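In our numbering, the protein residues as written are 1 to 98.
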């Protein structure tokens, strides 16, 4: 096999979804794809069922996404360290339980 960077994997998945969109058996999937490598560092991508690909600084998916996205939009900072990121994630989880 070949090692792929996160962005190469995201573009490959996007191309597969786009190709199958024109077939009789399209994929009905929205996904978040995350990865890390030595050159690009951490990466997060959103890919929808139409083959749309977007690199995101943060993302949420699923039932509570609309609420959690607002919290992340307000509190996320690009210069956060790992501990601050975990604390923000815990904050979002705690708010969902209220």
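All C-beta atoms in this analysis are idealised placements derived from N, C-alpha and C, irrespective of residue type, glycine included.
Since we're looking at a predicted model, the values are computed, not measured.
* In three-state DSSP terms, what is residue 48? -> DSSP places residue 48 in coil when its eight states are reduced to three.
* N- and C-terminal bounds of the beta strand (DSSP E) containing residue 75 -> Going by DSSP, residue 75 is part of no beta strand (DSSP E) but of the alpha helix (DSSP H) stretching over 65 to 75.
* Quick one: residues in its chain with C-beta nearer than 7 Å to the C-beta of residue 48, no 5 flanking neighbours on either side, listed in chain order? => Around residue 48: 30.
* Asked: Counting Cβ pairs closer than 8 Å, one from the segment 45 to 65 and one from the segment 6 to 14, do we hit at least three?
  -> The segment 45 to 65, when compared against the segment 6 to 14, does touch it at the 8 Å Cβ threshold.
* How far does the alpha helix (DSSP H) with residue 59 in it reach, from first residue to last? -> Segment: none, residue 59 is in no alpha helix (DSSP H) and carries neither H nor E.
* Asked: According to the neighbour-count rule (16 or more other Cβ atoms, all chains shown, within 10 Å of its Cβ), is residue 10 buried or exposed?
  -> Buried: at least 16 other Cβ atoms inside 10 Å.
* With a 10 Å radius around its C-beta and 16 neighbouring C-beta atoms as the bar for buried, classify residue 66 as buried or exposed. => Exposed.
* Do you know whose CA, among 69, 50, 51, lies nearest residue 59's CA? -> Of the candidates 69, 50, 51, the one whose C-alpha sits nearest the C-alpha of residue 59 is 69.
* C-beta atoms of residue 87 and residue 71 nearer than 8 Å -> No, the pair does not count as a contact, with Cβ atoms beyond the cut-off.
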